[in-house]
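To start, the structure itself, in structure tokens.
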Amino acid sequence: MSMFTFCLVKTYKVKYNLYIDILKGGRGVDILVCIKQVPATTKVKVDEKTGSLVRDGVESKLNPYDLYALETALKLREELGGSVTVITMGPPQAQAIIREAYMMGADYGCILSDRAFAGADVLATAYTLSQGIKALDRDFDLIICGRQTTDGDTAQVGPSIAEFLQIPHVTWVREIKAVDEHKIVVQQDMGDSYAIVELMYPCLITVDKDILEPRLPSYRLKLKTADRPIPMYSLANLEDKDEERYGLNGSATQVERIFPPQENVHQEIWEGTSEQLTSNIFNMLKDKKYI
Amino acid sequence: MGYRKLTEEDIGVLREICSEDRVYVGSEINEDFSHDEMVEYGKFMPEVVVEAKSIDEVSRIMKYAYKNRIPVTPRGSGTGLCGGAVPIHGGILLSLALMDRILEIDEDNMTAVVEPGVLLMDLTKAVAEKGLMYPPDPGEKSATIGGNVMTNAGGMRAIKYGVTRDYVLGMEVVLANGEILELGGKIVKNSSGYSIKDIIVGSEGTLGIVTKLTLKLMPLPERMISLLVPFGGLDECIEAVPKIIRSQIIPTAIEFMEREVIEAAEEYLGKKFPDKSADAYLLLSFDGSDTEEIEKIYERVAEVCLDAGAIDVFIADTDERQESIWDARGAFLEAIKSSTPSMDECDVVVPRDKIPEFVKFVDTLEERYEIRLRSFGHAGDGNIHVYVCKDDLDDETWKHRRDKVMEAMYNKSIELGGQVSGEHGIGHAKIGYLNDALGHVYMDLMRSIKLAFDPEGILNPGKVF
Numbered sequence: 413m414s415m416f417t418f419c420l421v422k423t424y425k426v427k428y429n430l431y432i433d434i435l436k437g438g439r440g441v442d443i444l445v446c447i448k449q450v451p452a453t454t455k456v457k458v459d460e461k462t463g464s465l466v467r468d469g470v471e472s473k474l475n476p477y478d479l480y481a482l483e484t485a486l487k488l489r490e491e492l493g494g495s496v497t498v499i500t501m502g503p504p505q506a507q508a509i510i511r512e513a514y515m516m517g518a519d520y521g522c523i524l525s526d527r528a529f530a531g532a533d534v535l536a537t538a539y540t541l542s543q544g545i546k547a548l549d550r551d552f553d554l555i556i557c558g559r560q561t562t563d564g565d566t567a568q569v570g571p572s573i574a575e576f577l578q579i580p581h582v583t584w585v586r587e588i589k590a591v592d593e594h595k596i597v598v599q600q601d602m603g604d605s606y607a608i609v610e611l612m613y614p615c616l617i618t619v620d621k622d623i624l625e626p627r628l629p630s631y632r633l634k635l636k637t638a639d640r641p642i643p644m645y646s647l648a649n650l651e652d653k654d655e656e657r658y659g660l661n662g663s664a665t666q667v668e669r670i671f672p673p674q675e676n677v678h679q680e681i682w683e684g685t686s687e688q689l690t691s692n693i694f695n696m697l698k699d700k701k702y703i
Numbered sequence: 320m321g322y323r324k325l326t327e328e329d330i331g332v333l334r335e336i337c338s339e340d341r342v343y344v345g346s347e348i349n350e351d352f353s354h355d356e357m358v359e360y361g362k363f364m365p366e367v368v369v370e371a372k373s374i375d376e377v378s379r380i381m382k383y384a385y386k387n388r389i390p391v392t393p394r395g396s397g398t399g400l401c402g403g404a405v406p407i408h409g410g411i412l413l414s415l416a417l418m419d420r421i422l423e424i425d426e427d428n429m430t431a432v433v434e435p436g437v438l439l440m441d442l443t444k445a446v447a448e449k450g451l452m453y454p455p456d457p458g459e460k461s462a463t464i465g466g467n468v469m470t471n472a473g474g475m476r477a478i479k480y481g482v483t484r485d486y487v488l489g490m491e492v493v494l495a496n497g498e499i500l501e502l503g504g505k506i507v508k509n510s511s512g513y514s515i516k517d518i519i520v521g522s523e524g525t526l527g528i529v530t531k532l533t534l535k536l537m538p539l540p541e542r543m544i545s546l547l548v549p550f551g552g553l554d555e556c557i558e559a560v561p562k563i564i565r566s567q568i569i570p571t572a573i574e575f576m577e578r579e580v581i582e583a584a585e586e587y588l589g590k591k592f593p594d595k596s597a598d599a600y601l602l603l604s605f606d607g608s609d610t611e612e613i614e615k616i617y618e619r620v621a622e623v624c625l626d627a628g629a630i631d632v633f634i635a636d637t638d639e640r641q642e643s644i645w646d647a648r649g650a651f652l653e654a655i656k657s658s659t660p661s662m663d664e665c666d667v668v669v670p671r672d673k674i675p676e677f678v679k680f681v682d683t684l685e686e687r688y689e690i691r692l693r694s695f696g697h698a699g700d701g702n703i704h705v706y707v708c709k710d711d712l713d714d715e716t717w718k719h720r721r722d723k724v725m726e727a728m729y730n731k732s733i734e735l736g737g738q739v740s741g742e743h744g745i746g747h748a749k750i751g752y753l754n755d756a757l758g759h760v761y762m763d764l765m766r767s768i769k770l771a772f773d774p775e776g777i778l779n780p781g782k783v784f
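Top line first, the protein sequences correspond to chains D and C.
Under the numbering used here, the first residue of the first sequence is numbered 413, with each subsequent residue one higher.
Under the numbering used here, the first residue of the second sequence is numbered 320, with each subsequent residue one higher.
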């Protein structure tokens, strides 16, 4: 059964005075942020023959959507106290994004890395992350993910983690309406409407782009955290050691072919006075029934 | 300097030279042609607007104008800031905006041959696709290359790469009498007589009309990184600039900005800036061939900044992070403009070691003259833009205070060994200041040069002098 039933859906009057429920002197909120390393360019080339991404010489970066998740976590910590931990799954070089999260202000980090995890689809990735989260020696109140990644673009890993952990979740959060040490109230973008949802901890949210402007990595924090360890967890550290649940073996889906979408290169160039051009645009939009 | 009014016959000839649909008179003329970005300096309608499409048309128009002593004001996108492309004596406004073809990108000689109406942003994009860079980077990307050349535009990367003049290798120019002249070419060195092309660069359309340009290109750096450096106060911030320069590491840009301007840009763009904790910021950029190389360089500069009292050094190492800063930087001018009904600007340039003194001086003027000032600029090359805002002052008080504060800034700049304009030019708005700054010997020499090029005084009259 879906964990959606655990969400208490209420409609609140919009309160602009946020963070009103802060309990002073409490233990704060322990937040986990799931992050991913992605190619640094948006112009990823696809090998037309093999259908795989050409990764040679392509630099990596922290998934831009995850920056919003991390910023949200850091702001909540500033308000409530507590801690921010980041977790990623990937090859050892993905440690670079944990380092980067330290430079933005994360307290702890951890990387899940094992050959057995390679080739994971959404399901296997979410399962691995959920196992990793259980293996950490901290009970998290709130898990925050970015809305999606810029390489996979499925937007499914966040909610799938919540299902595996059996905790409630809300996706596409565009605003935090209120928060305290027991619950969080968020505004969810449903496309044509907004839902205001209150969730008790532990819970998971995925946040939308532009919920907050992400801070930049700090050189002072770079110096300060240069020696901070990044624990690496392998299959041996996880509760479920069944290799069939991980990586390619544990994937329910397989990529058949990757190909670049057809580019629409049709162009029309109009010339004329502003009045003529304005009426041209108007007529075209009308003909195409856009207006 | 009186010029006769254009007649039906004149218009007829122009229509014969260009096709009829590229000649506009009376109410057909778009009001935009009467001013540039600074409406404050007045509106002057041309008698006729002609959109030329070829060098032959430009030459024939000039021959006719020369014979009949009709003033001709050449114009690109009209994004100037000193009234340079505004027809203050009426006559013909000669738009070169339709001459916008990129004729060649020569990867062997690393040159581009373009028509003057090519937009800066289009050139940048076209050469980048071939792994090349046109280094001058003025803030206004919709300006034409012709306009950039005529004002010797500078921009953000001047500290490392220089200004427009450094990248003009050759040009085809139509003189006042319609003669066509080829200057320079795809050559790296040239000791063959006076460099007339270098006099034409920055001449604001008063010596000739450029119809083709050969530009020098550079290899496109593979990596770029920006540092946003917050400081507790303006003094510490601006005093760090000479220290960075002395460290002998050359950033591509050193920009300085204050919190108020950043907030104005946030409001204008409806987009948040990544940090607002400090009163003043430096924005530094570095380019290089790989990330490790750039990292080593920026770490040294970061240490210099921290020693100079920086609160922290923020690292913008991805496209998104750079955009979050540079989008705001690009909107400063428009943001300030939209915050006040009228404004004036000062584009002085001072020697780089005098930047702190000049900026600190400007900081005292707001109180002294009771007028709102906003400044930002290319701290690394000594070129600071100060905007004087009218706000709710009445016209008389505004004019009085504005003139006082402008005079104070220009005097200070000259005292420090600076110049009236770093990159925007003189146009008709800054003539008085130029006269004061350069003195009569220099101005007389310029007048003699003008006379040699344009004895009838028809090319962009009323500008520079």
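Heads up, the beta-carbon is just placed ideally off N, CA and C, and yes, glycines get one too.
For asparagine 702 (chain C), the enclosing beta strand (DSSP E) has its first and last residue at 702-708. Valine 632 (chain C) carries a coil assignment under DSSP once its states are collapsed to helix, strand and coil. In terms of Cα proximity to glycine 436 (chain C), the closest of C:His408, C:Gly473, C:Pro393 is C:Pro393. Methionine 475 (chain C) sits buried, since 16 or more C-beta atoms from the chains shown fall within 10 Å of its C-beta. Within the stretch 617-637 of chain D, Glu625, Pro626, Arg627, Leu628, Pro629, Ser630, Tyr631, Arg632 place their CB atoms closer than 7 Å to a CB of chain C, listed in sequence order. Only residues of its own chain outside the window of five on either side were considered, and among them none has a CB closer than 7 Å to the CB of glutamine 688 (chain D). Rounded to the nearest angstrom, the Cβ distance from glycine 558 (chain D) to threonine 618 (chain D) is 7 Å, consistent with a contact under 8 Å. Around lysine 473 (chain D), the beta-carbon contacts reaching into chain C at under 7 Å are Thr637. For glutamate 587 (chain D), the CB contacts under 6 Å within the same chain, skipping 5 residues up- and downstream, are Gln599 in chain order. Spatial neighbours of aspartate 672 (chain C) in its own chain (CB-CB distance under 7 Å, excluding positions within 5 residues in sequence) are listed in chain order as Pro561.
When DSSP reads this structure, isoleucine 596 (chain D) sits in a beta bridge with D:Val591, D:Leu611. In the structure shown, glycine 345 (chain C) falls within a helical segment according to DSSP collapsed to helix, strand and coil. The Cβ of isoleucine 634 (chain C) sits closer than 7 Å to at least one Cβ of chain D.
CA-CA distance, tyrosine 360 (chain C) to glycine 399 (chain C), rounds to 11 Å. For the stretch 475-493 of chain D, the beta-carbon criterion of a distance under 8 Å to any beta-carbon of chain C is satisfied by Pro476, Leu479. Against lysine 591 (chain C), the close residues of chain D are Asp622, Leu624, Glu625, in the order they occur along the chain (beta-carbon pairs closer than 9 Å). Valine 529 (chain C) places its beta carbon 7 Å or farther from that of glycine 458 (chain C). For isoleucine 499 (chain C), the enclosing beta strand (DSSP E) starts and ends at 499-503. Taking 7 Å as the cut-off, the Cβ atoms of tyrosine 658 (chain D) and threonine 566 (chain D) do not count as close.
Burial check for glycine 321 (chain C): the Cβ neighbour count within 10 Å stays below 16, so the residue is exposed. Listed in chain order, the non-local C-beta contacts of tyrosine 480 (chain D) below 8 Å within the same chain comprise Gly558, Arg559, Val619, Asp620, Lys621, Asp622, Ile623, Leu624, Pro626, local neighbours out to five positions each way being set aside. Residue contact with chain D for aspartate 441 (chain C): absent (no Cβ-Cβ distance below 7 Å to any residue of chain D).
Put simply, the CB of arginine 619 (chain C) is far from chain D, with every gap to its CB atoms at 7 Å or more. Listed along chain D are Leu628, each with a C-beta nearer than 7 Å to that of arginine 640 (chain C). Restricted to the stretch 523-597 of chain D, the alpha helix (DSSP H) segments that are unbroken, complete and at least 4 residues in length are 534-547, 569-577, listed in chain order.
Residues Tyr752 of the same chain have their beta carbon placed closer than 6 Å to that of tyrosine 729 (chain C), with the five preceding and five following residues left out of the count. Taking a C-beta distance under 7 Å as the contact criterion, glutamate 558 (chain C) and proline 675 (chain C) qualify as a contact pair. Looking at the DSSP output, arginine 669 (chain D) shares a beta bridge with no other residue. In this model, alanine 431 (chain C) and aspartate 666 (chain C) are separated by some 29 Å (Cα to Cα). At a cut-off of 7 Å between C-beta atoms, aspartate 340 (chain C) does not count as an interface residue with respect to chain D. Assignment of leucine 413 (chain C) by DSSP, reduced to helix, strand and coil, places it in the strand class. Take alanine 462 (chain C), set aside five residues on each side of it, and the residues of its chain with a beta-carbon closer than 6 Å to its own are Ser396, Thr398, Leu439, in chain order.
Residue-level contact check: aspartate 626 (chain C) does not touch chain D, since none of the beta carbons of chain D fall below 7 Å from its beta carbon. When CB distances to chain D are screened at a threshold of 9 Å, not a single residue of the stretch 450-484 of chain C falls below it. Shown here, tyrosine 606 (chain D) sits in a strand according to DSSP, grouped into three states. Where lysine 372 (chain C) is concerned, there is no enclosing alpha helix (DSSP H), because DSSP gives it neither an H nor an E.
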